[in-house]
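Notes to accompany the following structure.
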Amino acid sequence: MQIITPRLTIRLIRLSDLDASFAHRSDPEVCRFVGAPITKAQALERLKTFVKPWQQQEQEKLLLAITLRDDPQLIGELMFKWTHVESRIAEIGYRLGTEFQGKGYAFEAVNALIEHAFTHLELHKVMAFCVAENSASWRLMQKIGMHKEGDLSSHFKIGETWWDAYVFSKINPKHS
Numbered sequence: 001m002q003i004i005t006p007r008l009t010i011r012l013i014r015l016s017d018l019d020a021s022f023a024h025r026s027d028p029e030v031c032r033f034v035g036a037p038i039t040k041a042q043a044l045e046r047l048k049t050f051v052k053p054w055q056q057q058e059q060e061k062l063l064l065a066i067t068l069r070d071d072p073q074l075i076g077e078l079m080f081k082w083t084h085v086e087s088r089i090a091e092i093g094y095r096l097g098t099e100f101q102g103k104g105y106a107f108e109a110v111n112a113l114i115e116h117a118f119t120h121l122e123l124h125k126v127m128a129f130c131v132a133e134n135s136a137s138w139r140l141m142q143k144i145g146m147h148k149e150g151d152l153s154s155h156f157k158i159g160e161t162w163w164d165a166y167v168f169s170k171i172n173p174k175h176s
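Letter 55 of the sequence shown, counting from 1, is numbered 55 in UniProt numbering, and no numbers are missing.
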């Protein structure tokens, strides 16, 4: 799978992405709302689980690399997983390295993934979750046209802290 946008390439994750993936997965600022920073060994083990062929099974995650079109270096990651294959419902997630935030890359990448899933995977509905305090994430979801479906109390545990969360979704326009 490869998706090309005006500024980005979205492709399958590779073991050669280890250093860049580790750089943002060990950055406390990037990890603030999405999980504790990890070690390089943990990053390698994580990547090994995602370089295997994707079977499109329920709850199986597909991890995609976000790169600039003119530079193969990973700047962030997208996650896609079917939450209910029969109903064509999936969840997405995303993260970008600190130096690439605030430049519209997340909007471009997430929007491209959603459009690809609606068109090529016949997705009916896409969902995304974020910590309620992560205003950059929920503002991105709103900008993409996702609608807030609900508030979830004490939904994510990051470190020793339980965080409230929001769930957003978007229905495939062909199905509404």
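Note that beta-carbon positions come from the ideal geometry of N, C-alpha and C, so glycine has one too.
As the structure is a computational prediction, the values presented were derived from the model and not from experiment.
Cα-Cα separation, Leu-64 to Ile-114: 13 Å
Any idea which residues DSSP pairs Leu-68 with across the strands? Leu-8 and Asp-71
Bridge partners of Met-79, per DSSP? Leu-63 and Gly-93
Report all residues from its chain with a CB closer than 7 Å to the CB of Val-126; omit the five preceding and five following residues, and keep chain order. Ala-90, Ile-92, Ile-114, Ala-117, Ser-169 and Lys-170
Using the three-state DSSP reduction, which class does Lys-52 fall into: helix, strand or coil? coil
Return yes when the Cβ of Tyr-105 is within less than 8 Å of the Cβ of Leu-8, no when it is not. yes
Going by other Cβ atoms of all chains shown within 10 Å of its Cβ, with 16 needed for buried, is Thr-67 buried or exposed? buried
Would Ala-109 be called buried (16 or more neighbouring beta carbons within 10 Å of its own) or exposed? buried
Identity of the residues DSSP links to Lys-157 by a beta bridge: Trp-162
Helix, strand or coil: which one does DSSP assign to Val-110? helix
Work out the CA separation of Lys-48 and His-84 for me, nearest whole Å. 25 Å
Classify Trp-82: buried if its beta carbon has 16 or more other beta carbons within 10 angstroms, exposed otherwise. buried
Please state if the CB of Val-51 and the CB of Ile-13 are separated by a distance shorter than 8 Å. yes
For His-84, the residue or residues it bridges with in DSSP: Ile-89
Beta-carbon proximity check, Asp-164 vs Ser-153, cutoff 8 Å: yes
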